[in-house]
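**Q** Below is one structure. I have some questions about it.
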Amino acid sequence: RKEVEQDPGPFNVPEGATVAFNCTYSNSASQSFFWYRQDCRKEPKLLMSVYSSGNEDGRFTAQLNRASQYISLLIRDSKLSDSATYLCVVKPFRAGNMLTFGGGTRLMVKP
Amino acid sequence: DTAVSQTPKYLVTQMGNDKSIKCEQNLGHDTMYWYKQDSKKFLKIMFSYNNKELIINETVPNRFSPKSPDKAHLNLHINSLELGDSAVYFCASSPSAGTGFHGYTFGSGTRLTVV
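Those protein sequence lines, which keep their order, are chains A and B.
Going by this note's numbering, the first sequence opens with residue 1, and the numbers climb by one from there.
Going by this note's numbering, the second sequence opens with residue 1, and the numbers climb by one from there.
Structural data, given as structure tokens:
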């Protein structure tokens, strides 16, 4: 079983739609959680950290359920520019700041 | 002013050759990493250095040798390149553990193609 699992998609949604991505992780001792965004042929960039209480950044809302080892990302009012691959990222409890990346979920927002 | 810079951006080379990729960060971070992203887009850790010392080596063939001359630089040398080494290699940096870790800053990647 992969340490971080995501549905690869693609998710094809119209502009203005709300879309949700899910992610599960296997290491119950994981400490920190993030969503990264990766555009085609570009480097991953931090979208937002995920906190236990849930957190929001504009149109983006992240949730963490430690009991179920589940992380989600909700995007409201999708824009064309949201088209990208969204990577679920977990920091396991081990030495150093090594991050474990999921395989990513591809989102395509269409006019 | 690029925070994490890698060179070269593209590298096409023949099997059996030896090549190097360079990485530099100007963020003052103590920790640097090499990740490999294969054709299926999975990002996998290869190495991590903290203040010039190797702290993570994730079962990478010994043809891959990282070198960190100082905490702002982490280079990757690859000997005897194989077809399976074709991938995008990303350098990244972050603060040390316990100093407000908020994820990595990645370089723009080096697309290596072995022919």
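Using N, Cα and C, we set each Cβ at its ideal position, and we do this for glycine too.
Just so we're clear, the structure is a prediction, and the values are computed from it rather than from any experiment.
By the DSSP assignment, the beta strand (DSSP E) with S80/B in it spans what residues?
**A** Per DSSP, S80/B belongs to no beta strand (DSSP E) and is neither H nor E.
**Q** Any residues in the region 54-70 of chain B with a beta carbon nearer than 9 Å to a beta carbon of chain A? Which ones, in chain order?
**A** So the list reads I55, I56 and E58, given in the order they occur along the chain.
**Q** Starting from L43/B, find everything on chain A with Cβ-Cβ shorter than 8 Å and list it in chain order.
**A** Those are P44, L87 and F101, listed as they occur along chain A.
**Q** Output yes if chain B places a C-beta closer than 8 Å to the C-beta of S49/A; else output no.
**A** Cβ-Cβ to chain B under 8 Å: yes for S49/A.
**Q** With DSSP as the reference, please indicate the residues paired to T18/A in a beta bridge.
**A** None, per the DSSP bridge assignment.
**Q** Going by DSSP, what residue range makes up the beta strand (DSSP E) through L74/A?
**A** Y70 to I75 is the span of the beta strand (DSSP E), which, as asked, contains L74/A.
**Q** Identify the contact partners of N65/A in chain B, using a Cβ-Cβ distance below 9 Å as the criterion.
**A** Those do not exist, as N65/A stays about 20 Å from chain B at its closest Cβ, beyond 9 Å.
**Q** Have a look at V89/A and W35/A and give me their C-alpha separation to the nearest angstrom.
**A** Whole-angstrom Cα-Cα distance: 6 Å.
**Q** Name, going along the chain, the residues of the region 12-34 of chain A whose beta-carbon falls closer than 8 Å to a beta-carbon of chain B.
**A** The residues in question are S32 and F34.
**Q** Y104/B versus chain A: which residues are under 7 Å apart at the beta carbon?
**A** L99, listed in chain order.
**Q** Determine contact between the region 53-72 of chain B and the region 102-112 of chain B, defined as no fewer than three beta-carbon pairs at a distance below 8 Å.
**A** Not touching, per the Cβ criterion.
**Q** Quick one: what's V88/B bridged to in DSSP?
**A** DSSP output for V88/B lists Q37/B and R111/B as bridge partner(s).
**Q** Does G9/A come within less than 8 Å of chain B when only Cβ atoms are used?
**A** Not one chain B Cβ lies under 8 Å of G9/A.
**Q** Does any residue of chain A bring its CB to less than 8 Å from the CB of K40/B?
**A** It does; some Cβ of chain A falls within 8 Å.
**Q** Going along chain A, which residues have a C-beta under 8 Å from F101/B?
**A** By Cβ distance, chain A contributes S32, K91 and N97.
**Q** Let's see if you can read the secondary structure: which residues bound the beta strand (DSSP E) around E24/B?
**A** Note, E24/B: beta strand (DSSP E), K19 to Q25.
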